[in-house]
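A quick write-up on the structure given underneath.
2 protein chains.
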Amino acid sequence: MAKQHISSARKPVKRVSAMKAKAETIGQYLIRRLQDYRVGHVFGIPGDYVLGFYDQLCRSDITVVGTCKEDGAGFAADAYARVHGMGALCVTYCVGGLSVANAVAGAYAEKSPVVVITGAPGMKERTNDPLLHHKVKTFATQREIFERITACAVAIEDPDTAYRDIDRALATCWRVKRPVYIELPRDLVDVVPQHPVPSLPPDATVDQAALEEAVAEAVERLRAAKRPVILADVEVHRFGLAFELLTLSERSGIPIAVTILGKSVISERHPNYLGIYEGAMGREDVAKVVEGSDCLLMLGTFLTDVNMGIFTAKIDPSQAIEATSEKIQISRHRYDGVPFDAFLRGLLLAKLPRRSLPPQAKPAAKVAAIVAKQPLKVTRLFHLIDQRLDDDMAVVCDVGLCLFGAIDLTIHRRTEFIASAYYTSMGFAVPASVGVALANPKLRPVVLVGDGAFQMTGMELSTAVRQKLNPIVVVLDNHGYTTERAIQDGPYNDILNWRYHRLPDLLGAGWAAIVRTEGEFADAWTQAVANRDSFSLINVQLDAYDFCPALERLGKRMAENIPK
Amino acid sequence: MAKQHISSARKPVKRVSAMKAKAETIGQYLIRRLQDYRVGHVFGIPGDYVLGFYDQLCRSDITVVGTCKEDGAGFAADAYARVHGMGALCVTYCVGGLSVANAVAGAYAEKSPVVVITGAPGMKERTNDPLLHHKVKTFATQREIFERITACAVAIEDPDTAYRDIDRALATCWRVKRPVYIELPRDLVDVVPQHPVPSLPPDATVDQAALEEAVAEAVERLRAAKRPVILADVEVHRFGLAFELLTLSERSGIPIAVTILGKSVISERHPNYLGIYEGAMGREDVAKVVEGSDCLLMLGTFLTDVNMGIFTAKIDPSQAIEATSEKIQISRHRYDGVPFDAFLRGLLLAKLPRRSLPPQAKPAAKVAAIVAKQPLKVTRLFHLIDQRLDDDMAVVCDVGLCLFGAIDLTIHRRTEFIASAYYTSMGFAVPASVGVALANPKLRPVVLVGDGAFQMTGMELSTAVRQKLNPIVVVLDNHGYTTERAIQDGPYNDILNWRYHRLPDLLGAGWAAIVRTEGEFADAWTQAVANRDSFSLINVQLDAYDFCPALERLGKRMAENIPK
Chain Z
144 MAKQHISSAR KPVKRVSAMK AKAETIGQYL IRRLQDYRVG HVFGIPGDYV LGFYDQLCRS
204 DITVVGTCKE DGAGFAADAY ARVHGMGALC VTYCVGGLSV ANAVAGAYAE KSPVVVITGA
264 PGMKERTNDP LLHHKVKTFA TQREIFERIT ACAVAIEDPD TAYRDIDRAL ATCWRVKRPV
324 YIELPRDLVD VVPQHPVPSL PPDATVDQAA LEEAVAEAVE RLRAAKRPVI LADVEVHRFG
384 LAFELLTLSE RSGIPIAVTI LGKSVISERH PNYLGIYEGA MGREDVAKVV EGSDCLLMLG
444 TFLTDVNMGI FTAKIDPSQA IEATSEKIQI SRHRYDGVPF DAFLRGLLLA KLPRRSLPPQ
504 AKPAAKVAAI VAKQPLKVTR LFHLIDQRLD DDMAVVCDVG LCLFGAIDLT IHRRTEFIAS
564 AYYTSMGFAV PASVGVALAN PKLRPVVLVG DGAFQMTGME LSTAVRQKLN PIVVVLDNHG
624 YTTERAIQDG PYNDILNWRY HRLPDLLGAG WAAIVRTEGE FADAWTQAVA NRDSFSLINV
684 QLDAYDFCPA LERLGKRMAE NIPK
Chain B
144 MAKQHISSAR KPVKRVSAMK AKAETIGQYL IRRLQDYRVG HVFGIPGDYV LGFYDQLCRS
204 DITVVGTCKE DGAGFAADAY ARVHGMGALC VTYCVGGLSV ANAVAGAYAE KSPVVVITGA
264 PGMKERTNDP LLHHKVKTFA TQREIFERIT ACAVAIEDPD TAYRDIDRAL ATCWRVKRPV
324 YIELPRDLVD VVPQHPVPSL PPDATVDQAA LEEAVAEAVE RLRAAKRPVI LADVEVHRFG
384 LAFELLTLSE RSGIPIAVTI LGKSVISERH PNYLGIYEGA MGREDVAKVV EGSDCLLMLG
444 TFLTDVNMGI FTAKIDPSQA IEATSEKIQI SRHRYDGVPF DAFLRGLLLA KLPRRSLPPQ
504 AKPAAKVAAI VAKQPLKVTR LFHLIDQRLD DDMAVVCDVG LCLFGAIDLT IHRRTEFIAS
564 AYYTSMGFAV PASVGVALAN PKLRPVVLVG DGAFQMTGME LSTAVRQKLN PIVVVLDNHG
624 YTTERAIQDG PYNDILNWRY HRLPDLLGAG WAAIVRTEGE FADAWTQAVA NRDSFSLINV
684 QLDAYDFCPA LERLGKRMAE NIPK
């Protein structure tokens, strides 16, 4: 994780200024509050129900980023949130809102703080329940849907509670790191509330006595343990606690393994870093150390099927301390009212004995020289990319072979790794790379994406062109859904063979090449890195059945759940 | 409307065969029941939760049509349903399902009978509520969302009620012409129910006495009227009653106007056809006849903002008879328990006096000769297309300028006109054209689509290539969202200028041209029509502010609702 991220995510946000709010319209208030949370970009596509608010956005310091399609805005805002601390998107009613449902659901599942802003028919237009365009069943339909995929869904209906509604939604987004929904009827955008009610104070749930007891018990267990290990996951990143994690590990000598979803929460070159743990699906040496620990400190861990190696993980809760934003559990008992960050800081303040690191059996780095004419295999592709990543690159990874391939290799340098590794929605990576680059202009996205996923959202490179971004996009073209081929093969896994490298001609910008051998890839990479003015796309031709070892293992395991 | 459609939509479906069902798995039963409703194609993208069912589909007579993205499958299935009587799509859990939410909502709003089939985690996998990939909040989240955008949502959870669940969903889809949702856990696909409960009989709601009274009152009013007029809308099409409508009009001499959504429900060259009515937004001569009627028979009418000319329609309910699948209303009173089709057939059986048609002020057909070097204006573009449509073409129209442009012209010949004219979801047309062509191979789609909409879903031409279809796609490239420019202009209405005519190079198939003048368009059209082997794309360069008169009027009216 890049340092600039750690510091920025932990920067406190501004408090609500009640004085300033008084002269503001509801739309202006929402914009100012977004800026309090350092939201500098809003992704989306306008429509007539939201044009008034778009106009206000354009007159503010926030940059409006138009995407080709609404789901592209959803994925971009999600990735922006992961890198920047909070993201936002703005779409029109139903045709726009329902088009981001999947991307927002992904942000919910993986705890990414995205603010969904949607226009809506004016309150005055709704009398007698007319059939206005874009309406589905009732005027509440869209809100009811978003209640199921956000942590807080508010439909602003009364000017005097509008500020409070907005404050509650944004505070929830910040606190739980999950999407929230704000519906703004078009006839309220320009209204100045006459008697705004004061905002409610945020929920205070800290139980000081429970916190102290939990920390004391955890410290005692860690002190007594012979082989303590930390298993870190994505919440450490989301709650801006990567610095605390690293300090705890460095002071105590407790080594750190991470999950797939938590990949890059600590630099993979750090001496305390063990590798990615994923039960029997991952590296044996890492599994041995994690599962052999007599005190496993699980920090911000999602016990998902993917993270837990399709449930092949053998973790004994009696030997574990599990701390997340949702619960603190030690062995078989649970502490309520103990915040994740306070618990972790409590451990930091306690004096833990300093140990020497356990011997690590890191896999030998395979840096075999390039065989120029050798047809590219997927395993070699990842090795070649690995050797070529530099500190300024962020790896933005789509699902399937890209993700599983990335497990088997060590990303050596300190870099961001952004992926939809739990919700695993295909088509995440290309639009996400737009969000990453805008959230931190110092990062250059390296996008790893399969051909199937590229056909879903790859055209959002159009947005990269408009924003003058320069991602390097590696399309793993294996002519279909190869991850599914590893689970169960059939004609439904085939797709049309696009000539992805002809995209610059269609978009009128960018550089691209098609490669089949190791030498061609190395040359293309060099040219892509040198092309700083636009996107670069490398169309890598792979065999349809070239599974990497990780995919082979996962496919076999996942096939067990498919009826034959 | 093409004759083959009228006859096929009214063809009765097969009854459930309880005997045959006994040896079948739940998956096989679902497939057979879909075929009973003449569903011959299922659109979608597989995923691991639905692979087992995909395999069963592939072994059946149903053709699986893979799209680039799930929403493409949603729009294709919607259009297929409109032409064929029922459509179906099949996707994986959440990442797939939530990606079709918008398309399915559109089918709900415009009454298109689409069956949404989704895979889901196995029932046995759900014990202890694990975090399985693709899950959002709970295992019920996806179903709860689809309850809000379908007429019936069933999650199959018990083998013994599975047949009944499937029957109920499909019967509802057929009866109300709206989408339904069937969730199929992967461990039930291959299960043969041991003690299947019998299916429930469909709802019987006909009130014979009310039907007779309603028909008698309507007949009396129609007999007494001096200027009776029929206003026909899309439900006539959905319920397969176009033949009855035409017969009623021809026997009685009552002329027919239609709404935008109902466009093509009667041949626009028929002598009884008046034109499209849309209040003060449309043709004055049509409005005069409709609003001046002393007995307006509204058949299957949606009183939406778009249909009613943004509520400029002046229709006096006291002078109207409104018959839809949801209600029968005469003047200010309402009859319950009277089915739409039975009411219409009742009118047909009654002896109405035969009148002569009122004098019609049809606009003179503007067939000015082509000025070869003349830069193309949007109004002229529609005239040129109008002259060139033939009987075998189906116009598939996206929203915005395409739709409003299509209002001002008369499509002379008998043809299908498919559009999202109420829900108005951009990006409908290209994937919809795939559904149209597969639903009726005799129809050649002519797609009218703006550049903004094309950037959303235009890549589904890839699916047209895979299916060996030959749509003619006219891209109205006005460099952004011109409909919104007519309402409120701003930089958010600009998009990247793709070179749409380079698409054949990317896809490795198709033919395309860029045109700027009337002569170039005429030449390109001729070549497109001659190219029967693949898609043809005509990239029409238009001025960003070239509004057609209809858009000018609508934009002005719609701007009144935007805060300044």
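Top to bottom, those sequences are chains Z and B.
Using our numbering, the first residue of the first sequence is number 144, and each one after it goes up by one.
Using our numbering, the first residue of the second sequence is number 144, and each one after it goes up by one.
Even for Gly, the Cβ is constructed at its ideal location relative to N, Cα and C.
From the DSSP output, which residues share a beta bridge with residue i?
i	result
PRO371/B	CYS438/B
ARG181/Z	None; ARG181/Z has no bridge partner.
GLU619/Z	What sits at residue 619/Z in the sequence shown is Leu, not Glu. DSSP, once it has assigned bridges, lists GLY593/Z, VAL683/Z as partnering LEU619/Z.
ASP333/B	Looking at the DSSP assignment, ASP333/B forms no beta bridge with any residue, so it has no partner.
TRP654/Z	SER679/Z
ALA537/B	GLU559/B, PRO588/B
GLU326/B	THR261/B, ALA298/B
PRO518/B	THR660/B
VAL234/B	ILE188/B, THR261/B
ASP221/Z	BP columns for ASP221/Z are empty, so no partner.
ASP637/B	GLY623/B
ILE419/Z	VAL401/Z
LEU274/B	THR447/Z
THR206/B	HIS184/B
Given 8 Å as the limit, tell me if residue i has its C-beta closer than that to any heavy atom belonging to the ligand SAH.
i	result
SER679/Z	Among the ligands in the structure shown, none appear at all, so the ligand SAH cannot be discussed.
Using a threshold of 9 Å, state whether the C-beta atoms of residue i and residue j are closer than that.
i	j	result
VAL130/B	GLY578/B	Residue 130/B falls outside the range modelled here, since chain B spans only 144 to 707, and no answer is possible.
ALA353/Z	ASP479/Z	yes
PHE289/B	ALA575/B	no
ILE169/B	LEU327/B	yes
ILE630/Z	ALA655/Z	no
VAL349/Z	ALA485/Z	yes
ALA231/B	PHE196/B	no
VAL539/Z	VAL618/Z	no
SER436/B	GLN472/B	no
ASP541/B	VAL590/B	yes
VAL279/Z	ALA375/B	no
ALA385/B	VAL432/B	no
CYS710/Z	TYR180/Z	For chain Z, the structure presents residues 144 to 707; residue 710/Z sits outside this window and is missing.
PRO710/Z	VAL207/B	For chain Z, the structure presents residues 144 to 707; residue 710/Z sits outside this window and is missing.
GLY422/Z	ALA456/Z	yes
ILE409/B	ARG329/Z	no
TRP668/Z	PHE597/Z	no
LEU519/B	VAL672/B	no
| Taking the runs of the beta strand (DSSP E) that are 3 residues or longer, which of them lie wholly in the segment 679-705 of chain Z? | 679-684
| said: If contact is defined by three or more beta carbon pairs under 8 Å, each pair taking one atom from either stretch, is the segment 541-550 of chain B in contact with the segment 622-629 of chain B? | reply: yes
| message | Using 8 Å as the cut-off, can you tell me whether the segment 645-665 of chain Z makes contact with the segment 636-646 of chain B, which would need three or more C-beta pairs spanning the two stretches below that distance? | response | yes
| field | Segment contact, 8 Å Cβ cut-off, at least three pairs: the segment 329-342 of chain B with the segment 299-316 of chain B | value | yes
| message | What ranges does the alpha helix (DSSP H) occupy inside the segment 424-487 of chain Z, keeping only unbroken runs of at least 4 residues that lie completely in it? | response | 427-434
| field | chain B contacts from the segment 604-632 of chain Z (Cβ-Cβ distance under 9 Å) | value | SER605, THR606, VAL608, ARG609, TYR624, THR626, GLU627, ILE630, GLN631
| Selection of the segment 240-265 of chain B by Cβ proximity to chain Z, strictly under 7 Å | LEU241, SER242, ALA244, ASN245, ALA248, TYR251, ALA252, GLY265
| message | I want to know whether the segment 236-252 of chain Z touches the segment 236-249 of chain B - three or more CB-CB distances under 8 Å. | response | yes
| Three-pair Cβ contact test at 8 Å for the segment 436-451 of chain Z versus the segment 411-419 of chain Z | no
| said: Give me the subset of the segment 264-289 of chain Z whose CB atoms are less than 8 Å from a CB atom of chain B, sorted by chain position. | reply: GLY265, GLU268, PRO273, LEU274, LEU275, HIS276, HIS277, LYS278, VAL279, LYS280, THR284, GLU287, ILE288
| request: Taking 8 Å as the threshold, find out whether the segment 395-405 of chain Z comes into contact with the segment 369-383 of chain Z through three or more Cβ pairs. | output: yes
| task | Name, going along the chain, the residues of the segment 332-345 of chain Z whose beta-carbon falls closer than 9 Å to a beta-carbon of chain B. | result | VAL332, ASP333, VAL334
| message | Going residue by residue through the segment 351-416 of chain Z, where are the continuous beta strand (DSSP E) segments of at least 3 residues, counting only ones entirely within it? | response | 371-375, 399-401
| field | Chain-ordered residues of the segment 690-704 of chain Z with a beta carbon less than 7 Å from chain B | value | MET701, ASN704
| said: Check whether the segment 608-615 of chain B and the segment 557-568 of chain B are in contact - that is, three or more C-beta pairs closer than 8 Å. | reply: no
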